[in-house]
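Colleague:
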Amino acid sequence: MSKYDDLFDATAPDNSLFADKGALDPLADPKEIVARDAQERELATILNGLHEGYLPPTVSVYGPPGTGKTLTTRRVCREFAARNDRVAVEYVNLKECRTLFSAANEILFQLADEKKGSYEGLDGVFDGIWDALEAYPEWTVLVLDEIDHIRQDTNYDPSDFFYRLLRGEGKLQRGINCSVWLVSNELLEVDLRLDSRVESAMSDEAVFFPPYGEDELGAILEARLARAFREGAVPDAAVAYGVQEAARRWGDARKALTLFRQAGETASERDLEAVTRECVEANLETTEKAAFLERAGRLPASHVGVLRAITARRNRHTGAVDQPVTTERIHEVLHSEGVSDRYRLRRRAIREVVHTLETMGLVETAMESGGRDGRRKRIISDARPCVHRARAGRAAVLPSCAGRPASDLAVGRAGPSVSGHAVGPRTPQ
Ligand SMILES: Nc1ncnc2c1ncn2[C@@H]1O[C@H](COP(=O)(O)OP(=O)(O)OP(=O)(O)O)[C@@H](O)[C@H]1O
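The sequence shown: position 58 = 58 (UniProt numbering), numbered continuously.
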């Protein structure tokens, strides 16, 4: 017996509760889409416009993470294209694109299997896109996923990008019919602050994917849990508890699948015959933290600045984060001495950012009577774990996505640390 025989013997699962753990992989394409009938219908109705000679220039597909936007949109579009020769569907994920130029190049790559050099500029890439689309069927549906990842870079801003995409000369000259479907967590007009010429070129079509409720998550999980676990390995009570908590905390199918996979692993580690409520409970916090970090990692610098300002105030005696705070307090922090101009948002912008953070589940707000001042919004955030991990320097938490070093989120002893070079800008690549 070699050392590796021993090693693999020692680490082989001998009491696993799983029959097919892959069934809980959120990346696996499920056979059936459940609990999204209304959205499937809305998408199909828009696509059927083709039979009347019209597809909207843009369709916004938006909602919080893990609500089935990608899965449903891709599936419905693909099924439609399979039944109609006049339409082609292309899907491009822009998650990894850090600049607008690379986003356009990614689209070109999907269409034509080629990329342009940076010397050709955004116009060169769009020319390539229109050339490629000329060879396509009469209509193309271009699904751009995670479009909210694209941000202003040193050369272009999102409005430049969208204007070319929707109203580009090359597209109009060639008479290309392209319907751009924008999949994101937020409505883009709000999130990317697109200018009015772009907004007027976009259509109002929008399909919202709300967080899943208990019944919907239960329906999504039912078949997957049955495949994933050995018979009797997840009692109904554990399922009910996990589904209830997943719906209450996230409404996110991806997190719910992960929660049950981890609960199963915990049960195996503890040598249990079945997953218990405690196994689920043990993993709720971990999944919650991972969810928070993932969402926070996608934020642009201005949002991190606001998040940081929300958690900047400490209780003098206990050292704990002093919350809730008001918009006025955030404004005060962001405008205190030493804070870089980039974070000095006006009150209205702060309110918008808080609204975005709330939609993403990163802050909670409540209206409260402010006496003579009328009603005030009180804001609370659970940003502590993120700040804490960044401080400990254990993980490239926010920075990996946003191009900021971990030290950017360090909690200063006094006042905000979003000053000067603290929360740096996104690094274009
Ligand atoms: N209605 C559903 N039916 C079956 N499985 C689902 C459903 N919704 C989500 N899932 C599962 O959750 C996974 C994540 O869903 P999806 O990627 O579509 O979410 P999303 O809303 O696009 O998330 P994000 O905003 O984070 O990109 C899917 O791959 C699938 O495994």
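We put the beta carbon where it would ideally sit given N, CA and C, even for glycine.
(1) Between residue 228 and ligand 1, is the CB less than 7 Å from at least one heavy atom?
(2) By Cβ distance, which residues of its chain are closer than 7 Å to residue 233, with the 5 residues on each side in sequence left out?
(3) Measure the Cβ-Cβ separation of residue 182 and residue 58 and say whether it is below 8 Å.
(4) Got a sec? Which residues, its chain only, sit under 8 Å from residue 8 by beta carbon, not counting five neighbours each side?
(5) Less than 8 Å between the CB atoms is what I'm expecting for residue 129 and residue 107, so what's the real figure, rounded?
(6) Please list the terminal residues of the continuous alpha helix (DSSP H) segment that includes residue 203.
(7) Please confirm whether residue 325 and residue 357 have their CB atoms less than 8 Å apart.
(8) What is the C-beta distance between residue 81 and residue 150, in whole angstroms, given that I count them as a contact (C-beta under 8 Å)?
(9) Put residue 34 into one of helix, strand or coil per three-state DSSP.
(10) Taking DSSP as the reference, what is the three-state secondary structure of residue 139?
(11) Is residue 242 near ligand 1, with its Cβ less than 7 Å from a heavy atom?
(12) Using a 10 Å radius around the Cβ and a threshold of 16 neighbouring Cβ atoms, would you call residue 315 buried or exposed?
(13) Does the Cβ of residue 98 lie closer than 7 Å to at least one heavy atom of ligand 1?
(14) Quick one: give me the first and last residue of the alpha helix (DSSP H) that residue 287 is part of.
(15) Is residue 209 near ligand 1, going by C-beta to nearest heavy atom under 7 Å?
(16) Residue 238 and residue 280 look like a contact to me (Cβ under 8 Å); what is the Cβ gap, rounded to whole Å?
(17) Distance check for residue 353 and residue 259, CA to CA, integer angstroms please.
(18) So, with DSSP's three-state summary, where would you put residue 182?
(19) Span of the beta strand (DSSP E) holding residue 60?
(20) For residue 159, which option in 31, 168, 39 and 194 has the closest C-alpha, if you only look at C-alpha atoms?
(21) I need the straight-line Cα distance from residue 295 to residue 362, nearest angstrom please.
(22) Would you check whether ligand 1 has a heavy atom nearer than 7 Å to the C-beta of residue 66?
(23) Among residues of its own chain, excluding the 5 on either side of residue 138, which ones have a beta-carbon nearer than 8 Å to its beta-carbon?
Modeller: Considering the structure as presented:
(1) no
(2) 17, 274 and 275
(3) yes
(4) none
(5) 6 Å
(6) Residue 203 -> no alpha helix (DSSP H), and no H or E assigned at all.
(7) no
(8) That pair is no contact at about 25 Å.
(9) coil
(10) strand
(11) no
(12) exposed
(13) no
(14) 277-296
(15) yes
(16) 6 Å
(17) 29 Å
(18) strand
(19) 58-62
(20) 194
(21) 8 Å
(22) yes
(23) 86, 87 and 177
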